[in-house]
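All remarks here apply to the structure that follows.
There are 4 protein chains.
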Amino acid sequence: MTKTSMDITKRTSIGAQRNPASETAILDAAEEILRESGLGGFSIEAVARRAKAGKPTIYRWWPSKAALLLDVYHRQKGETFYADTGDTRKDLVAFLEALLGFWRTNGGEIFRSIIAAAQSDPEALIALRDYAVTRCRSSGVILARGQARGEVRGDFDPEPIMELLSGFCWNRLLTGRLEVSPGEIETIVDALMGGLSSTSR
Amino acid sequence: MTKTSMDITKRTSIGAQRNPASETAILDAAEEILRESGLGGFSIEAVARRAKAGKPTIYRWWPSKAALLLDVYHRQKGETFYADTGDTRKDLVAFLEALLGFWRTNGGEIFRSIIAAAQSDPEALIALRDYAVTRCRSSGVILARGQARGEVRGDFDPEPIMELLSGFCWNRLLTGRLEVSPGEIETIVDALMGGLSSTSR
Amino acid sequence: MTKTSMDITKRTSIGAQRNPASETAILDAAEEILRESGLGGFSIEAVARRAKAGKPTIYRWWPSKAALLLDVYHRQKGETFYADTGDTRKDLVAFLEALLGFWRTNGGEIFRSIIAAAQSDPEALIALRDYAVTRCRSSGVILARGQARGEVRGDFDPEPIMELLSGFCWNRLLTGRLEVSPGEIETIVDALMGGLSSTSR
Amino acid sequence: MTKTSMDITKRTSIGAQRNPASETAILDAAEEILRESGLGGFSIEAVARRAKAGKPTIYRWWPSKAALLLDVYHRQKGETFYADTGDTRKDLVAFLEALLGFWRTNGGEIFRSIIAAAQSDPEALIALRDYAVTRCRSSGVILARGQARGEVRGDFDPEPIMELLSGFCWNRLLTGRLEVSPGEIETIVDALMGGLSSTSR
DNA sequence: CTTTAAGCGAGACGGTACGTCATGTCTTACG
DNA sequence: CGTAAGACATGACGTACCGTCTCGCTTAAAG
Numbered sequence: 001m002t003k004t005s006m007d008i009t010k011r012t013s014i015g016a017q018r019n020p021a022s023e024t025a026i027l028d029a030a031e032e033i034l035r036e037s038g039l040g041g042f043s044i045e046a047v048a049r050r051a052k053a054g055k056p057t058i059y060r061w062w063p064s065k066a067a068l069l070l071d072v073y074h075r076q077k078g079e080t081f082y083a084d085t086g087d088t089r090k091d092l093v094a095f096l097e098a099l100l101g102f103w104r105t106n107g108g109e110i111f112r113s114i115i116a117a118a119q120s121d122p123e124a125l126i127a128l129r130d131y132a133v134t135r136c137r138s139s140g141v142i143l144a145r146g147q148a149r150g151e152v153r154g155d156f157d158p159e160p161i162m163e164l165l166s167g168f169c170w171n172r173l174l175t176g177r178l179e180v181s182p183g184e185i186e187t188i189v190d191a192l193m194g195g196l197s198s199t200s201r
Numbered sequence: 001m002t003k004t005s006m007d008i009t010k011r012t013s014i015g016a017q018r019n020p021a022s023e024t025a026i027l028d029a030a031e032e033i034l035r036e037s038g039l040g041g042f043s044i045e046a047v048a049r050r051a052k053a054g055k056p057t058i059y060r061w062w063p064s065k066a067a068l069l070l071d072v073y074h075r076q077k078g079e080t081f082y083a084d085t086g087d088t089r090k091d092l093v094a095f096l097e098a099l100l101g102f103w104r105t106n107g108g109e110i111f112r113s114i115i116a117a118a119q120s121d122p123e124a125l126i127a128l129r130d131y132a133v134t135r136c137r138s139s140g141v142i143l144a145r146g147q148a149r150g151e152v153r154g155d156f157d158p159e160p161i162m163e164l165l166s167g168f169c170w171n172r173l174l175t176g177r178l179e180v181s182p183g184e185i186e187t188i189v190d191a192l193m194g195g196l197s198s199t200s201r
Numbered sequence: 001m002t003k004t005s006m007d008i009t010k011r012t013s014i015g016a017q018r019n020p021a022s023e024t025a026i027l028d029a030a031e032e033i034l035r036e037s038g039l040g041g042f043s044i045e046a047v048a049r050r051a052k053a054g055k056p057t058i059y060r061w062w063p064s065k066a067a068l069l070l071d072v073y074h075r076q077k078g079e080t081f082y083a084d085t086g087d088t089r090k091d092l093v094a095f096l097e098a099l100l101g102f103w104r105t106n107g108g109e110i111f112r113s114i115i116a117a118a119q120s121d122p123e124a125l126i127a128l129r130d131y132a133v134t135r136c137r138s139s140g141v142i143l144a145r146g147q148a149r150g151e152v153r154g155d156f157d158p159e160p161i162m163e164l165l166s167g168f169c170w171n172r173l174l175t176g177r178l179e180v181s182p183g184e185i186e187t188i189v190d191a192l193m194g195g196l197s198s199t200s201r
Numbered sequence: 001m002t003k004t005s006m007d008i009t010k011r012t013s014i015g016a017q018r019n020p021a022s023e024t025a026i027l028d029a030a031e032e033i034l035r036e037s038g039l040g041g042f043s044i045e046a047v048a049r050r051a052k053a054g055k056p057t058i059y060r061w062w063p064s065k066a067a068l069l070l071d072v073y074h075r076q077k078g079e080t081f082y083a084d085t086g087d088t089r090k091d092l093v094a095f096l097e098a099l100l101g102f103w104r105t106n107g108g109e110i111f112r113s114i115i116a117a118a119q120s121d122p123e124a125l126i127a128l129r130d131y132a133v134t135r136c137r138s139s140g141v142i143l144a145r146g147q148a149r150g151e152v153r154g155d156f157d158p159e160p161i162m163e164l165l166s167g168f169c170w171n172r173l174l175t176g177r178l179e180v181s182p183g184e185i186e187t188i189v190d191a192l193m194g195g196l197s198s199t200s201r
């Protein structure tokens with residue numbers, strides 16, 4: 001059920017300002033190509049062809065392939081909420097399942113394309129880094145809430161822990177192993193919450 | 001002091017068999033290019049040019065860019081040993097520092113290129129997955145030893161935990177943040193060993 | 001000292017009529033670009049940029065690149081006078097030297113651009129043809145005066161002869177050999193006046 | 001009756017050497033495009049498309065559009081012979097009629113394209129100049145023969161005179177007036193041979 | 001002791017995509 | 001309605017690599 005904008009009307013300039021119809025068409029096209037052919041088939045030419053847009057129009061608004069990828073990703077990701085059940089363990093499990101689940105349905109193909117692009121494009125790398133850091137910081141709220149409740153030890157910076165968890169997900173995404181069983185997730189969260197040391201019991 | 005094979009002698013066929021001199025020259029060239037220009041400058045053409053090899057010679061032995069990258073990585077990685085100090089905490093810290101340290105010195109540039117290549121090459125993805133899984137399994141020995149010593153709880157499968165840790169490293173590698181302070185590493189290992197839950201103390 | 005109109009005042013519409021300031025600015029810009037970069041750098045975009053005019057303003061008044069070129073040429077050529085010393089030989093030499101001299105100083109760059117443009121623009125070709133024919137006809141006055149004086153044979157139509165001479169100049173212009181020595185000009189005029197045949201002496 | 005090579009066989013490399021089939025196909029395509037659409041439709045892309053050749057193949061062998069044009073011109077012009085009837089007047093008339101006649105049948109379209117291209121491409125200008133100079137020098141043989149026979153005055157350099165005549169032809173070509181009547185040609189040659197001066201009778 | 005068969009370097013081939021530029025048309029906002 | 005501004009779709013530019021090919025050679029193994 002693609003939401004492609006298949007209006008017959010010919011798109012053209014609407015004056016000295018960005019044409020939202022073109023922007024939409026380009027992002028739609030980019031998303032579709034990515035979904036259908038992956039990063040391999042993703043080229044500015046192909047996007048322009050499919051969107052019936054001129055290459056300069058794309059380059060005008062997106063300086064690099066990676067910039068376009070990021071826009072596609074952001075657009076289809078929408079807002080992110082972190083479950084707040086009052087139980088940190090459950091919240092962490094929900095976090096992991098939500099992330100892996102989203103990646104399993106289209107989002108993953110796009111995000112791994114972004115990561116790949118960032119490995120040969122310094123600007124994309126910076127964008128990706130900023131995104132990743134921000135993401136880990138904001139998801140840290142799950143642990144911060146636990147700390148506020150006294151449920152979680154207060155002598156930890158939540159951020160590196162969230163890096164641990166999202167790193168796990170990245171690893172799975174990038175090696176094509178997104179089908180993580182609920183059991184595995186529980187194992188990880190349990191280990192993290194309870195600690196590995198036998199003396200910590 | 002690079003070990004580049006700068007022999008003046010003109011390389012040619014040595015009969016109906018693979019010429020090791022060519023193989024070496026190609027892998028050397030590939031490694032150098034990767035080190036100097038990163039994945040962006042890495043192309044079969046460039047490798048052939050630098051190695052003074054014919055393109056078909058490369059294609060004959062390495063079916064894809066990713067296959068060549070993997071060979072380069074394996075060649076320069078050598079054997080991996082996991083410290084065994086009798087203290088799991090120290091062993092984990094050493095593991096993380098060794099991995100990040102190796103990536104900081106050349107290895108990282110190559111490995112992130114491999115990850116990127118794998119995102120658009122199914123065969124490379126399989127190779128990467130196999131490598132990653134094997135790696136996590138073998139590094140699990142650190143925890144297994146702890147379990148054998150009774151230092152670490154025995155009701156855990158070590159593998160997902162090592163995925164957690166290596167995932168953290170992947171994340172840092174792929175976002176260009178390999179400069180991890182010893183403090184951060186300690187924090188992570190401490191959290192993992194001690195557990196986050198305030199009741200686990 | 002170029003007479004470029006560098007007025008700071010912002011040019012804008014002066015109502016529902018052609019703005020002469022814009023016209024001047026555009027012609028100035030076109031002339032300067034042609035002088036500085038030749039036909040290669042001459043584009044409607046470049047002219048608009050330099051004249052600080054909108055592209056549609058140019059397209060409104062000059063239907064094609066060639067039309068603009070012709071306007072530039074006409075504007076800077078001014079009236080043409082043909083020397084009348086009473087000696088046809090001298091008048092012809094003066095004619096050739098004046099034409100080549102004018103082309104050597106800016107005019108040539110523009111005119112050869114016009115000729116080039118006319119080769120792929122039918123309208124420009126017609127304009128160029130009309131101009132060339134008119135020019136040869138009017139310069140024919142040099143020979144007509146000689147005929148009136150009895151100095152030149154009367155059984156010739158002056159026009160083809162002037163085509164011969166101006167054709168020589170075109171050839172030199174279009175092959176970048178405008179530096180014609182006075183001796184060469186004399187040779188040509190002498191040959192033409194005296195005839196090549198040894199029996200005509 | 002186009003001599004297009006319409007072989008179905010797929011053209012490919014024949015080793016580390018120029019493929020004559022490709023060269024022929026490219027020149028054929030270029031010539032056809034020029035004949036059909038003139039300089040306006042002549043682009044490297046269009047030639048490549050029509051010749052079913054890669055753009056780099058064209059750029060490999062012809063550094064510029066003008067180089068390709070010149071090759072096309074030379075190929076279809078073949079050898080040039082200058083009539084030798086023993087009568088200089090007749091030889092000159094034949095020379096003019098042959099040149100104008102050749103230009104009337106395809107050759108002209110190509111040559112005026114070359115002239116146009118040379119006006120914005122310095123390298124093409126040099127090539128054109130060399131060609132024009134060589135051509136005038138070699139056609140000077142017509143007058144030189146007359147001088148040897150004693151039919152033509154010996155105190156003239158033939159070259160500038162031939163420039164006069166070919167200049168006339170260029171003028172006609174570039175203004176689209178190749179339909180020169182035999183009478184006009186006779187007039188010009190007569191004037192040149194007999195001289196304009198009334199005292200030269 | 002020859003064939004023969006494969007590997008080698010070289011590099012040309014038809015392609016595709018790159019990122020930039022100019023084209024001529026369009027709409028805006030302003031005067 | 002004319003203007004400056006500039007976005008738009010289009011398409012050519014010249015370059016870099018892609019993966020395939022054929023060449024002319026070298027050399028070890030097979031006959």
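Protein chains in written order, with full-length UniProt numbering: chain L, 1 to 201; chain B, 1 to 201; chain S, 1 to 201; chain U, 1 to 201. We put the CB at the ideal spot given by N, CA and C, even for glycine. Computed from a prediction, not measured in an experiment: that's the story for all the values here.
For chain B, is any of its Cβ atoms less than 8 Å away from the one on G40/L?
With 8 Å as the cut-off, G40/L counts as an interface residue toward chain B.
If we ignore side chains and look at the alpha-carbon of each, how far apart do L96/B and L125/B end up?
Cα to Cα, L96/B sits roughly 24 Å from L125/B.
Mapping DSSP to helix, strand and coil, what is V152/U?
In this structure, V152/U counts as strand in the three-state DSSP scheme.
Where I110/B and F42/S are concerned, what is the direct C-alpha to C-alpha distance, given to the nearest angstrom?
Going from the Cα of I110/B to the Cα of F42/S covers about 48 Å.
Considering only residues of the segment 72-134 of chain L, which uninterrupted alpha helix (DSSP H) runs meet the minimum length of 4 residues and lie entirely inside it, listed in chain order?
If we require 4 residues or more, the alpha helix (DSSP H) runs fully inside the segment 72-134 of chain L come out as 88-102, 108-118.
Among A53/L, A46/L, G146/L, which one has its Cα closest to the Cα of R18/L?
When only C-alpha atoms are compared, the closest one is A53/L.
According to DSSP, what are the bridge partners of S197/S?
S197/S pairs with V152/U.
Kindly indicate the opening and closing residues of the alpha helix (DSSP H) around residue 232/U.
This structure cannot settle anything about residue 232/U, because the visible part of chain U is limited to 1 through 201.
Among the candidates R49/S, D87/S, V189/S, W103/S, whose CA atom is the shortest distance from the CA of L178/S?
Taking only the C-alpha atoms, the option nearest L178/S is W103/S.
Closer than 8 Å, CB to CB, is G108/L near chain B or not?
It does not: the Cβ of G108/L has no partner Cβ on chain B nearer than 8 Å.
So which of P122/U, L68/U, R149/U, A116/U has the shortest CA-CA distance to N171/U?
The shortest C-alpha separation from N171/U is found at A116/U.
Whole-angstrom Cβ separation of A51/L and A67/L, contact assumed at under 8 Å?
Not a contact, Cβ separation roughly 16 Å.
Determine which residues of the segment 149-180 of chain U have a Cβ less than 7 Å from any Cβ of chain S, and write them out in chain order.
Within the segment 149-180 of chain U, the residues whose Cβ lies closer than 7 Å to some Cβ of chain S are G150, E151, V152, R153, F156, D157, P160, I161, E163, L164, S166, G167, F168, W170, N171, L174, T175, G176, R177, listed in chain order.
Find the nearest neighbour of L174/U within the set R112/U, P182/U, L164/U, L99/U, judged by alpha-carbon distance.
It is R112/U whose Cα lies nearest to the Cα of L174/U.
Return the CA-CA distance between E151/S and S197/U, expressed in angstroms with no decimal places.
When rounded, the distance between both Cα atoms is 6 Å.
Listing by chain order, which chain U residues have their CB less than 8 Å from the CB of R137/S?
By Cβ distance, chain U contributes nothing, its closest Cβ being about 13 Å from R137/S, past 8 Å.
To the nearest angstrom, how far is it from the Cα of Q76/B to the Cα of R89/B?
Distance between the alpha carbons of Q76/B and R89/B: 28 Å.
Which residue marks the beginning of the alpha helix (DSSP H) containing L39/S, and which one marks its end?
Taken as a continuous stretch (DSSP letters only), L39/S belongs to no alpha helix (DSSP H), as it is neither H nor E.
Could you check where the alpha helix (DSSP H) with V180/S kicks off and where it finishes?
V180/S -> no alpha helix (DSSP H), and no H or E assigned at all.
Quick check: the segment 155-166 of chain U against the segment 140-147 of chain U, are at least 3 beta-carbon pairs closer than 8 Å?
Yes, they touch.
Could you tell me the alpha carbon to alpha carbon distance between V180/B and V93/B, rounded to whole angstroms?
Near 12 Å, if we compare the C-alpha coordinates of V93/B and V180/B.
Counting only Cβ pairs nearer than 8 Å, list the residues of chain L close to residue 251/B.
Chain B is shown only over 1 to 201; residue 251/B falls outside these bounds and no answer can be derived.
Residue 233/L touches chain B at which residues, Cβ-Cβ below 7 Å?
In the structure as shown, chain L begins at 1 and stops at 201. Residue 233/L is therefore absent and cannot be evaluated.
Confirm, please, whether the CB-CB distance from C169/U to L100/U is below 8 Å.
Yes, Cβ-Cβ distance for L100/U and C169/U is below 8 Å.
Can you tell me the Cα-Cα spacing of P182/U and R49/S, whole angstroms?
Whole-angstrom Cα-Cα distance: 50 Å.
Closest Cβ-Cβ distance between L100/U and chain S: below 8 Å?
No, L100/U lies away from the interface with chain S (no Cβ there is under 8 Å from its Cβ).
Taking A98/S as the reference, which of L165/S, K55/S, L192/S has the closest Cα?
Measuring from the Cα of A98/S, the nearest candidate turns out to be L165/S.
Can you list, in chain order, the residues of its chain whose CB lies under 6 Å from that of R201/L, leaving out five sequence neighbours each side?
In this prediction, R201/L scores a pLDDT of 44, lower than 50, which makes its location untrustworthy; no coordinate-derived value is stated.
Let me make sure I understand the geometry here. Which of L128/U, Y59/U, S37/U has the alpha-carbon closest to that of I44/U?
Cα-wise, what sits closest to I44/U is Y59/U.
Pick from Y82/B, R11/B, L34/B: whose alpha carbon is nearest that of E23/B?
It is R11/B whose Cα lies nearest to the Cα of E23/B.
Counting only C-beta atoms, is M112/L closer than 8 Å to chain B at any point?
The identity of residue 112/L in the sequence shown is Arg, whereas the question assumes Met. It does; some Cβ of chain B falls within 8 Å.
Please work out which residues of its chain come closer than 7 Å, Cβ to Cβ, to I26/B, disregarding the five sequence neighbours upstream and downstream, and give them in chain order.
So the qualifying residues of the chain are V47, A51, A53, I58.
Chain B partners of I188/L, CB-CB under 7 Å?
P160, L164, listed in chain order.
Using the Cα positions of I114/U and W62/L, report the straight-line distance between them to the nearest angstrom.
The alpha-carbon atoms of I114/U and W62/L are separated by roughly 40 Å.
For A132/B and A148/B, I'd like the C-alpha separation in whole angstroms.
So the two alpha carbons sit approximately 24 Å from each other.
Let me know the secondary structure DSSP gives I14/U once reduced to three states.
Of the three classes helix, strand and coil, the one that applies to I14/U here is coil, per DSSP.
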